[in-house]
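Top line first, the protein sequences correspond to chains A and B.
Numbers in our numbering are just positions in the first sequence, counted from 1, shifted up by 10.
Numbers in our numbering are just positions in the second sequence, counted from 1, shifted up by 15.
For every residue, glycine included, the Cβ atom is placed at its ideal position computed from N, Cα and C.
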Amino acid sequence: MKPRKIYNRIAILRKEKALTRKDLAEKIGVNFQTVGYLEREEYNPSLDLAFRISAVFGLPIDLIFSTEPLKPLSELIIEKYKSKLD
Amino acid sequence: MELKTSKSSRRIGVILNFICLTAIVLLFELIKLKQNPKLLIYELFPLGIFVISYFIYFGKTGLWKFTHKSLNKLDEREIQLTNKSLRFSYFLFAVITLSLFMIYTLLGLQVNMVLMVSLLFLAHILPAYFISWTAKKIIEED
Chain A
11 MKPRKIYNRI AILRKEKALT RKDLAEKIGV NFQTVGYLER EEYNPSLDLA
61 FRISAVFGLP IDLIFSTEPL KPLSELIIEK YKSKLD
Chain B
16 MELKTSKSSR RIGVILNFIC LTAIVLLFEL IKLKQNPKLL IYELFPLGIF
66 VISYFIYFGK TGLWKFTHKS LNKLDEREIQ LTNKSLRFSY FLFAVITLSL
116 FMIYTLLGLQ VNMVLMVSLL FLAHILPAYF ISWTAKKIIE ED
């Protein structure tokens, strides 16, 4: 069975937290090259690794990973803001 | 493991190393047929290139070490990568060994120490060949 592509926001969240790939790799217990593979969406993490990543960023898994292309976070904020205004 | 060199350069390394390994075995068989031990000096040429290419493409890059690391020292992506390379190597090694033994039997040649050592080395380097051949060039920027 061919695995589905998993999209993620790791790169943007890592930059937001001012972490280097090596810092994040140390926190989640992988090689820093694996962080690169995850950010380029060339590798689908296991559920265990996904939980570790979500714990580092303090966000729920479905906000970091998705099976469909993710919208930019700014777009989500604007949508939320608009719905509040309505 | 550092794969900072281009894919084509790494592939040249794999081809060069494999050709030299094959040349060592073939040359030894030819020398045995000629029954002239003085010709063994010519073995030094492919052996030299073989050793140099091994150090440049598999020693310095850490590929040899990477494929021989304990599973506890690898992360999940690396375990997946080594599993894939070992699976491929197991298949290819079986095909190469079987073909070689068939050729040796058909030609009535005796299996010798050089062939055995070369095969043993090949079994260990094949996973590194696979990774070197398939992996993308790694550019790490923060």
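Exercise for the section: Answer with buried or exposed for valine 29 of chain B, where buried requires no fewer than 16 other C-beta atoms within 10 angstroms of its C-beta. Expected result: The residue given as residue 29 of chain B occupies position 14 in the second sequence. It counts as buried.
Problem - Limits of the unbroken alpha helix (DSSP H) element including aspartate 72 of chain A - result: If you number the first sequence from 1, residue 72 of chain A lands on position 62. It spans 71-74 - the alpha helix (DSSP H) in which aspartate 72 of chain A sits, taken as one unbroken run.
Practice task
With 7 Å as the C-beta to C-beta threshold (strictly closer), list the residues of the stretch 76-110 of chain B near chain A in chain order.
Solution key: Asp90, Glu91, Arg92 and Glu93
Practice task
Compute the distance between the beta-carbons of tyrosine 159 of chain B and serine 104 of chain B, then report whether it is under 9 Å.
Solution key: Because chain B is modelled from 16 through 157, residue 159 of chain B falls outside the range shown and cannot be assessed.
Exercise for the section: With 9 Å as the C-beta to C-beta threshold (strictly closer), list the residues of the stretch 48-65 of chain A near chain B in chain order. Expected result: Leu48, Glu52, Tyr53, Pro55, Ser56, Asp58 and Leu59
Handout entry: Spatial distance of isoleucine 67 of chain B from serine 24 of chain B (CA atoms)
Key = Mapped onto the second sequence, residue 67 of chain B falls at position 52. Mapped onto the second sequence, residue 24 of chain B falls at position 9. Approximately 15 Å between the Cα atoms of the pair.
Problem - Where asparagine 18 of chain A falls: helix, strand or coil (DSSP) - result: Your numbering for residue 18 of chain A matches position 8 in the first sequence. Asparagine 18 of chain A falls in the strand class under three-state DSSP.
Problem - Sub-9 Å separation of isoleucine 94 of chain B and phenylalanine 65 of chain B beta-carbons - result: Position 79 of the second sequence, counting from 1, holds the residue named residue 94 of chain B. Position 50 of the second sequence, counting from 1, holds the residue named residue 65 of chain B. It is not a contact, given that the beta carbons lie outside the stated cut-off.
Exercise for the section: Grab me the residues of leucine 48 of chain A's own chain with a C-beta within less than 7 Å of its C-beta, minus the 5 sequence neighbours each way, in chain order. Expected result: Taking the first residue of the first sequence as position 1, residue 48 of chain A is located at position 38. Excluding positions up to five away in sequence, the list reads Asn18, Ile20 and Pro55.
Practice task
With a 10 Å radius around its C-beta and 16 neighbouring C-beta atoms as the bar for buried, classify phenylalanine 116 of chain B as buried or exposed.
Solution key: One-based indexing of the second sequence puts residue 116 of chain B at position 101. Phenylalanine 116 of chain B is exposed by the Cβ-count criterion.
Practice task
Can you tell me which of the three DSSP states tyrosine 144 of chain B falls into?
Solution key: For the purposes of this step, residue 144 of chain B is taken as residue 129 along the second sequence, with counting starting at 1. If DSSP states are grouped into helix, strand and coil, tyrosine 144 of chain B belongs with the helices.
Practice task
Just tell me which of B/Leu122, B/Leu134, B/Met131 and B/Leu62 has its CA closest to the CA of leucine 48 of chain B.
Solution key: As a position in the second sequence, residue 48 of chain B is number 33, starting the count at 1. Nearest option by C-alpha distance: B/Leu122.
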